[in-house]
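Protein chains in written order, with numbering that gives the first Met the number 0: chain A, 0 to 239; chain B, 0 to 234.
Beneath this line is the structure, given in structure tokens, with notes to follow.
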Amino acid sequence: MTSILPLELRGVGFAVNGNELLADIDLRFEAVDRTMIVGPNGAGKSLLLRIAHGLLSPTAGEVQWHGPRASDPSALGTQAMVFERPVLLRRSAQANVEYALRCVGCDREVVTEKARAALAQTGLLSVAERHAFVLSSGERQRLALARAWALEPEVLFLDEPTSALDPSATRVVEEIIEAIANAGTRVIMITHDLAQAKRLGDEVVFMNRGRVLERAPVDRFFDAPTSQEAAAFIKGELLW
Amino acid sequence: MESLLQAFVTAFRLLTSFDADLVEIVLLSLRVSLMAVFLAALVGLPLGGWLAIARFPGRRIVIATLNAMMGLPPVVVGLIVYLLLSRAGPLGWLGWLFTPTAMVVAQFLLIMPLVAALSRQALEDLFEEYDALFRSLRVGTLGVVQTLLYEGRHRLLTTLLAGYGRAIAEVGAVIIVGGNIAHVTRVMTTAIALETSKGDLPLALGLGIVLLFISLLLNALAALGQTRASETVTP
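This is the structure in structure tokens:
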């Protein structure tokens, strides 16, 4: 399968009214590895993810997809995003997944089939007909994951998908993310939970105050962080 | 006092016996306003949806104007439609003046801004909620408007009921462009106005009761729609 990866952010910055929220971001994401983006609140992690996904345009620098499929107009649905608070439509769980499939131009005959497959993979088949808004928080986030997964994205961006969930719901969501990654999707995820970063990640991107300070394989990052800020962050100290 | 009581009794007799004149008037009222609200929905909902998501210079002015037009005085709208449709007017050749069609046009002009303004408000809230999702799924403008109209269906139904309520209760515009001609353009409000001034209170009262009942029913439905809508707001 041809790919849209690698993704490259070159000199990316984002400023609002002269306030630099992101600056000098140079990152290249190849087709392998699971990336965990960590850092204190206000580090610009969500902003970075939104820019990478194309929800926002950077005010400096550029975002480029270098893969052979990147310029293919039919490359819809090659990337997906799951938000901290799941954004669901006012319809049944299954209809939510079907909506996304239709948006990316999925063939009508297979929409239902694919949606049900995604619901089955996330353990939501029993609530497929229920209105999305009566689902529990955990189920809602799983539904958001099912919707993203149904698109069979090459890259999945996740913005703190478990921050509002209890431990058991978190575990289920982690298992799903694991399964999505194992099925060949490139995962780029923000997390506040360092243990989660260790569990799910291959590498860590550490951000502070709108800049990337460190990028390292998970083990090395936690054992021997090179920057002072990262060391302090891992110890749970406040960063100023 | 005696005659007032007498009027009530006669009014009830008219209602319970489905008096032909009364039924005709009620049905025409319902028909004209239904058509007006249908057309207002056809134009107002997509317009509201588009205004909810479009960003262009002067957008705030357009929205402010639309909001202000929710309170258009019916008689002025009636007068304008009259001028347009009168023989000497630019649309005189249509021959619509003093027909139910003219009344539909007047009521459409009255409630279309209301439908557009209220739906714009409702859909803009929804748009803020779903903007990131739409961008993530790369949904086009038309798809966004379609989705918003569907997601906001309960609130929009309430909006349409409000429009229908305004249309059917309004007298100033339809009396000018319809002329209150018996069996042709006589609707509940114009009949009540005429019969009251003639002193024929029973028919006026009977129609008044029907109108009141319809208004209450519409408001009850709107309230119900509102509850449905609030049940499905952000979890």
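Where is the CB? At the ideal position from N, CA and C, for every residue including glycine.
When you compare only the Cα positions, how much space is there between residue i and residue j?
| i | j | result |
| --- | --- | --- |
| Glu312 of chain A | Gly43 of chain B | Nothing about residue 312 of chain A can be read from this structure; chain A reaches only from 0 to 239. |
| Pro89 of chain B | Leu83 of chain B | 6 Å |
| Asn18 of chain A | Thr226 of chain B | 43 Å |
| Ile52 of chain B | Arg137 of chain B | 15 Å |
| Val232 of chain B | Glu123 of chain B | With a pLDDT of 49 at Val232 of chain B, under the threshold of 50, the predicted position of this residue should be treated as unreliable, though the coordinate-derived value follows. Looking at the two C-alpha atoms, the distance is approximately 14 Å. |
| Gly38 of chain A | Val86 of chain A | 24 Å |
| Leu200 of chain B | Val104 of chain B | 30 Å |
| Leu88 of chain A | Arg141 of chain A | 14 Å |
| Thr157 of chain B | Ile189 of chain A | 41 Å |
| Ala231 of chain A | Leu193 of chain A | 13 Å |
| Gly60 of chain A | Asp25 of chain A | 9 Å |
| Ala39 of chain B | Arg165 of chain B | 12 Å |
| Phe28 of chain A | Val172 of chain A | 23 Å |
| Ala101 of chain B | Val36 of chain B | 14 Å |
| Glu194 of chain B | Val31 of chain B | 20 Å |
| Arg115 of chain A | Ala168 of chain A | 21 Å |
| Ile176 of chain A | Thr64 of chain B | 49 Å |
| Tyr81 of chain B | Lys113 of chain A | 58 Å |
| Met68 of chain B | Leu21 of chain B | 33 Å |
| Glu7 of chain A | Glu108 of chain A | 36 Å |
| Ser226 of chain A | Arg152 of chain B | 53 Å |
| Pro152 of chain A | Val186 of chain A | 10 Å |
| Arg49 of chain A | Asn66 of chain B | 34 Å |
| Pro224 of chain A | Ala119 of chain A | 40 Å |
Determine the contact status of residue i and residue j, defining contact as a CB-CB distance below 8 Å.
| i | j | result |
| --- | --- | --- |
| Leu204 of chain B | Phe7 of chain B | yes |
| Cys105 of chain A | Gly142 of chain B | no |
| Val110 of chain A | Glu97 of chain A | yes |
| Pro73 of chain B | Glu150 of chain B | no |
| Pro5 of chain A | His65 of chain A | yes |
| Thr184 of chain B | Phe107 of chain B | no |
| Arg210 of chain A | Asp32 of chain A | no |
| Ile110 of chain B | Gly162 of chain B | yes |
| Leu50 of chain B | Arg119 of chain B | yes |
| Val154 of chain A | Thr121 of chain A | no |
| Phe156 of chain A | Gln63 of chain A | no |
| Ala42 of chain A | Met206 of chain A | yes |
| Ser85 of chain B | Gly77 of chain B | no |
| Thr264 of chain B | Gly177 of chain B | Here chain B has residues from 0 to 234 only, and residue 264 of chain B is not among them. |
List, in chain order, every chain B residue whose beta-carbon is nearer than 7 Å to that of residue i.
| i | result |
| --- | --- |
| Met80 of chain A | Ser135 |
What residues of chain A sit near residue i, judged by a beta carbon separation below 9 Å?
| i | result |
| --- | --- |
| Glu23 of chain B | Per Cβ cutoff of 9 Å: no residues; Glu23 of chain B is ~42 Å from chain A at best. |
At 8 Å on the CB atoms, spell out the chain B contacts of residue i, in chain order.
| i | result |
| --- | --- |
| Val86 of chain A | Glu128, Tyr129, Ala131, Leu132 |
Name, please, each residue of chain D whose Cβ falls closer than 7 Å to the Cβ of residue i.
| i | result |
| --- | --- |
| Leu54 of chain A | No chain D is part of this structure, whose protein chains are labelled A and B. |
So with CB distances below 8 Å, who are the chain A contacts of residue i?
| i | result |
| --- | --- |
| Gly47 of chain B | By Cβ distance, chain A contributes nothing, its closest Cβ being about 18 Å from Gly47 of chain B, past 8 Å. |
| Gly142 of chain B | Cys102 |
| Gly138 of chain B | Sequence inspection shows Val at residue 138 of chain B; the Gly mentioned does not correspond to that position. Those within 8 Å of Val138 of chain B in chain A are Cys102. |
Listing by chain order, which chain A residues have their CB less than 7 Å from the CB of residue i?
| i | result |
| --- | --- |
| Gly205 of chain B | Per Cβ cutoff of 7 Å: no residues; Gly205 of chain B is ~42 Å from chain A at best. |
With a cut-off of 8 Å on the beta carbons, I'd call residue i and residue j a contact; round off their distance for me.
| i | j | result |
| --- | --- | --- |
| Ala149 of chain A | Ala117 of chain A | 4 Å |
| Ile174 of chain B | Ala192 of chain B | 7 Å |
| Ser2 of chain A | Pro67 of chain A | 7 Å |
| Ser162 of chain A | Glu83 of chain A | 6 Å |
| Val186 of chain B | Ile24 of chain B | 6 Å |
| Arg170 of chain A | Ala131 of chain A | No, Arg170 of chain A and Ala131 of chain A are not in contact; Cβ-Cβ is about 22 Å, not under 8 Å. |
| Met80 of chain A | Ser135 of chain B | 5 Å |
| Leu147 of chain B | Leu125 of chain B | 5 Å |
| Arg146 of chain A | Ala69 of chain A | About 23 Å separates the two Cβ atoms, so there is no contact after all. |
*Under 8 Å (Cβ pairs) to chain A, residues found in the stretch 121-134 of chain B*: Of all residues in the stretch 121-134 of chain B, Glu128, Tyr129, Ala131, Leu132, Arg134 have a Cβ within less than 8 Å of some Cβ in chain A.
*Give, in chain order, every residue of the stretch 96-110 of chain A whose Cβ lies closer than 8 Å to some Cβ of chain B.*
Look at the stretch 96-110 of chain A: the residues with a C-beta under 8 Å from a C-beta of chain B are Tyr98, Ala99, Cys102, Val103.
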